[in-house]
Amino acid sequence: MSIIMEKEEAHRIIDRMPPNATWDDLMREIYVREAVERGLADSKAGRTKDVKEVRAKYGLPE
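At position 41 of the sequence shown (counting the first as 1) the number is 52 in the numbering used here, and the numbers step up by one without a gap.
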């Protein structure tokens with residue numbers, strides 16, 4: 012699936028949600044799905060950073 016959500020996938024997400032789901036619940040599901048898809052696309056395209064590089068950038072211990 013491309014980064015642009017297909018209508019059928021939107022329906023599947025809604026159908027899997029409980030009857031008492033809120034708009035916020037739906038938006039969270041869509042956001043998480045989009046974030047994962049973008050991350051996978053970046054990984055496939057080689058747009059990743061080494062853990063050591065990220066730790067150094069944010070001043071985290073190794």
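Positions of the beta carbon are idealized from the N, C-alpha and C atoms, including for glycine.
Distance, A52 Cα to M12 Cα: Stepping through the sequence shown from its first residue, residue 12 is reached at position 1. Stepping through the sequence shown from its first residue, residue 52 is reached at position 41. Low confidence applies to M12: its pLDDT is 49, below 50, so where it sits in the model is not reliable enough to give any reading.
Coil, strand or helix - L71 by DSSP: On the sequence shown, position 60 is the one that residue 71 refers to. Looking at L71 - three-state DSSP - the assignment turns out to be coil, as it is neither helix nor strand.
Straight-line Cα distance separating P72 from E40: Here the question's residue 40 lines up with position 29 in the sequence shown. Here the question's residue 72 lines up with position 61 in the sequence shown. The alpha-carbon atoms of E40 and P72 are separated by roughly 32 Å.
Through-space distance from S54 to T33, alpha-carbon basis: Here residue 33 is taken as the residue at index 22 of the sequence shown, counted from 1. Here residue 54 is taken as the residue at index 43 of the sequence shown, counted from 1. Near 32 Å, if we compare the C-alpha coordinates of S54 and T33.
Element boundaries [alpha helix (DSSP H), containing D61]: Residue 61 sits at position 50 when you count from the first residue of the sequence shown. Careful: D61 lies outside any alpha helix (DSSP H) and carries neither H nor E.
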